[in-house]
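S.K.: Residue numbers (our numbering): 24 to 439.
For every residue, glycine included, the Cβ atom is placed at its ideal position computed from N, Cα and C.
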Amino acid sequence: TYKLKSGLMEITYDSGAKVILEGPCSYEVDSTAGGYLSLGKLVAKVGAGGEGRGAGEVVSGQLSVTSVKEEGGRRKEEGDRPNAASLATSHSPLATNPSPLSPLPSPLFSVRTPTAIVTDLGTEFGVEVAENENTTSHVFEGMVVVQAVCREYRDAGMRDAGKSPEIAIAGGNAHETITLATGESARVEKDAQTGAVRIPTGKKIGVAPKFFRRFPHRGPIRVYSTGQNVRRGAPDPNWYIAAGLNDPNFKPQPAISTATYSKSFRSSQPGRAVWVSTGDWLPGLPEGTVYTFRTTFLLNGAPPAGLELRGGFAADNHVDAIRLNGRPAAVPEHGYKQPFLELHPFRVTEGFVEGMNVLEIDVSNGAPNTRPRPSPMALLVELEAVVAAEVAAPDVSPESDPNDSKQPSDGGKGDG
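1) Within the same chain, show all residues whose beta-carbon is closer than 7 angstroms to that of residue 143, passing over the 5 residues directly before and after it, in chain order.
2) Helix, strand or coil: how does DSSP classify residue 88 here?
3) Looking at the unbroken beta strand (DSSP E) that takes in residue 60, where does it start and where does it end?
4) If we count the other Cβ atoms within 10 Å of its Cβ and call it buried at 16 or more, is residue 395 buried or exposed?
5) Run the CB neighbour count on residue 292, radius 10 Å, all protein chains shown included, and call it buried at 16 or more, exposed below.
6) Mind checking whether residue 311 and residue 269 have CB atoms under 7 angstroms apart?
7) Could you give the DSSP three-state label for residue 373: helix, strand or coil?
8) Can you tell which of 52, 304 and 263 has its C-alpha closest to the C-alpha of residue 37?
9) For a quick check, are the C-beta atoms of residue 162 and residue 209 less than 7 angstroms apart?
10) Return yes when the Cβ of residue 255 is within less than 7 angstroms of the Cβ of residue 282, no when it is not.
11) Roughly how many angstroms lie between the CA atoms of residue 299 and residue 390, to the nearest whole one?
12) Taking 7 angstroms as the limit between beta carbons, can you name the residues of its chain near residue 204, skipping five residues before and five after?
13) If you follow the beta strand (DSSP E) that residue 261 is part of, which residue opens it and which one closes it?
14) So, do the stretch 326-340 and the stretch 376-393 have three or more beta carbon pairs nearer to each other than 8 angstroms?
15) Tell me the residue span of the beta strand (DSSP E) that contains residue 360.
16) For residue 257, which residues from the same chain have a beta carbon less than 8 angstroms from its beta carbon, with the 5 sequence-adjacent residues on both sides left out?
17) Should residue 212 go down as buried or exposed, given a rule of 16 or more other Cβ atoms within 10 Å for buried?
18) Would you kindly report the start and end of the unbroken beta strand (DSSP E) that includes residue 131?
19) Looking at C-alpha atoms only, which residue of 173, 323 and 402 is the closest neighbour of residue 263?
20) Compare the C-alpha of residue 44 against each of 290, 152, 156 and 322 and name the closest.
21) Whole angstroms are fine: how far does the CA of residue 320 sit from the CA of residue 464?
22) What's the gap between the Cα of residue 353 and the Cα of residue 301?
23) Quick one: is residue 399 buried, meaning 16 or more other Cβ sit within 10 Å of its Cβ, or exposed?
24) At what residues does the beta strand (DSSP E) containing residue 25 begin and finish?
25) Near residue 397, what residues of its chain come up, given a Cβ to Cβ distance below 7 angstroms and the 5 sequence neighbours on each side ignored?
26) Go to residue 382, then tell me how far its beta strand (DSSP E) extends in each direction, as first and last residue.
27) Taking the CB atoms as reference points, tell me whether residue 330 and residue 375 lie closer together than 7 angstroms.
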């Protein structure tokens with residue numbers, strides 16, 4: 024079972040079918056011809072003419088994914104709700120048996136959910152399962168059959184397995200199945216009181232949910248430390264001082280690579296990170312003022328799972344806040360007074376967006392309960408963007424005769 028808290032993951036079946044998962048979601052590869060989606064979104068692309076459909080082949084777990092961990096098949100929660108913001112992923116060994124809440128696999132590629140079976144007739148479709156188990160399906164190209172499935176039916180198994188997809192549903196009623204063509208959508212709704220499921224008669228949703236249809240291709244994520252490769256006294260092209268709270272004379276300006284005149288400051292390393300301020304030689308600034316340093320970086324495509332900013336800072340006098348796109352990140356404990364030699368580590372794991380991202384660090388000038396007077400203010404930040412290395416998931420094969428000599432490959436199990 025793949026349990027993604029955020030970001031994207033791509034799974035490729037040996038048959039050629041591809042599934043893109045979008046976190047937060049939980050997806051179980053329970054056959055060679057599909058899987059069970061209990062929460063979240065996916066897009067499935069199955070080749071025309073039957074390519075990518077189940078034909079007894081081994082399902083490979085080849086995927087593009089980051090930060091895979093063994094979690095015993097359980098989705099982590101914080102409080103009473105899923106932790107949808109964390110960028111970590113979890114992985115438990117792929118099952119070869121169907122989910123107890125899903126029917127046996129169809130020879131056609133299908134996605135099963137708590138309330139529906141979505142069967143592909145070619146070639147690309149999206150499925151979303153909400154927290155209330157309502158299932159929304161949308162066809163990008165080709166055709167699918169959507170079947171409403173009640174819990175009693177799922178527990179009983181595939182009673183109508185020999186029938187066509189249109190009637191292999193709970194009770195065999197026509198209003199519980201619908202065929203969708205390119206550009207069409209439908210929703211299977213679950214009654215919160217009775218648990219009964221239905222497809223609203225004649226209802227085809229006009230606007231489909233937003234799906235990621237392509238796994239993003241990306242290059243390196245470029246972020247910059249303060250004063251990196253900037254000569255002393257020159258403006259830093261990548262860091263900006265955007266605000267100076269309580270400084271009546273402040274105007275937004277580029278951060279300036281500055282010299283330090285005391286051994287109480289951590290040494291600058293021009294190729295790595297340098298102290299920056301409003302000017303060279305640490306100009307005196309009003310105490311009690313909070314200056315906001317800002318840097319930006321670009322994400323071409325959706326934020327990948329496992330992305331985080333890792334850094335360390337030294338500040339004269341104190342870092343009050345760190346924000347990514349307005350979302351606060353944890354600030355480690357540190358003091359207000361000299362020496363400013365230690366690099367205090369921090370991590371940002373949440374709040375990434377596609378496109379331009381803004382990282383802000385608030386620096387307070389002066390210590391609490393000190394006499395107001397002009398004093399130096401400066402910041403040094405070492406920063407990097409990290410995405411965990413790609414791994415391959417284990418291969419999955421259908422249950423086979425123990426006398427069958429054919430064995431699935433290990434599929435690069437790794438250390439998980």
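M.R.: To lay it out plainly:
1) Within the sequence shown, numbered from 1, the residue matching residue 143 stands at position 120. Excluding positions up to five away in sequence, the list reads 67, 69, 131, 132, 133 and 167.
2) Reading the sequence shown from its first residue, position 65 is the one you call residue 88. Low confidence applies here, because residue 88 scores a pLDDT of 36, under 50, leaving its location unreliable; read the following figure in that light. If DSSP states are grouped into helix, strand and coil, residue 88 belongs with coil.
3) Within the sequence shown, numbered from 1, the residue matching residue 60 stands at position 37. Where residue 60 is concerned, the enclosing beta strand (DSSP E) stretches over 57-69.
4) Locating residue 395 in the sequence shown gives position 372, counting from the first residue. By the 10 Å Cβ count, residue 395 comes out exposed.
5) Your numbering for residue 292 matches position 269 in the sequence shown. Under this definition residue 292 is an exposed residue.
6) For this step, residue 311 is matched to residue 288 along the sequence shown. For this step, residue 269 is matched to residue 246 along the sequence shown. Yes, the pair counts as a contact, with Cβ atoms nearer than the cut-off.
7) Walking along the sequence shown from the start, residue 373 turns up at place 350. In this structure, residue 373 counts as coil in the three-state DSSP scheme.
8) Here residue 37 corresponds to residue number 14 of the sequence shown, with the count starting at 1. For the options 52, 304 and 263, the alpha carbon positioned closest to that of residue 37 is the one of 52.
9) As a working mapping, residue 162 is identified with position 139 in the sequence shown. As a working mapping, residue 209 is identified with position 186 in the sequence shown. No, Cβ-Cβ distance for residue 162 and residue 209 is not below 7 angstroms.
10) Working through the sequence shown from its first residue, we reach residue 282 at position 259. Working through the sequence shown from its first residue, we reach residue 255 at position 232. A contact, by the Cβ cut-off of 7 angstroms.
11) Position 276 of the sequence shown holds residue 299. Position 367 of the sequence shown holds residue 390. Roughly 19 angstroms between the two C-alpha positions.
12) Within the sequence shown, residue 204 is the residue found at index 181, counting from 1. Closer than 7 angstroms at the Cβ level, and outside the excluded window around residue 204, lie 162 and 166.
13) Stepping through the sequence shown from its first residue, residue 261 is reached at position 238. Per DSSP, residue 261 belongs to the beta strand (DSSP E) from 258-268.
14) yes
15) Translated into the one-based positions of the sequence shown, residue 360 becomes position 337. Here residue 360 belongs to no beta strand (DSSP E), and DSSP marks it neither H nor E.
16) Along the sequence shown, one-based indexing puts residue 257 at 234. Excluding sequence neighbours, residue 257 sits near 279 and 280.
17) On the sequence shown, position 189 is the one that residue 212 refers to. It is buried - the Cβ of residue 212 has at least 16 other Cβ atoms within 10 Å.
18) Along the sequence shown, one-based indexing puts residue 131 at 108. First-last for residue 131: undefined, no H or E at that position.
19) Within the sequence shown, residue 263 is the residue found at index 240, counting from 1. When each option's Cα is compared against that of residue 263, the closest is 402.
20) Taking the first residue of the sequence shown as position 1, residue 44 is located at position 21. The option with the nearest alpha carbon to residue 44 is 152.
21) The requested residue 464 is not part of the displayed model; the chain covers only 24 to 439.
22) Counting from one through the sequence shown, the residue named residue 353 turns up at place 330. Counting from one through the sequence shown, the residue named residue 301 turns up at place 278. Using only the alpha carbons, I get a separation of about 25 angstroms.
23) Walking along the sequence shown from the start, residue 399 turns up at place 376. Burial call: buried.
24) As a first step, residue 25 is located in the sequence shown; it is residue number 2 there, counting from the start. Here the beta strand (DSSP E) through residue 25 covers 25-27.
25) Here residue 397 refers to the residue found at position 374 of the sequence shown. Closer than 7 angstroms at Cβ, skipping near neighbours: 307, 308 and 309.
26) In the sequence shown, residue 382 corresponds to position 359, counting from 1. Residues 378-387.
27) Within the sequence shown, residue 330 is the residue found at index 307, counting from 1. Within the sequence shown, residue 375 is the residue found at index 352, counting from 1. Cβ atoms of residue 330 and residue 375: closer than 7 angstroms.
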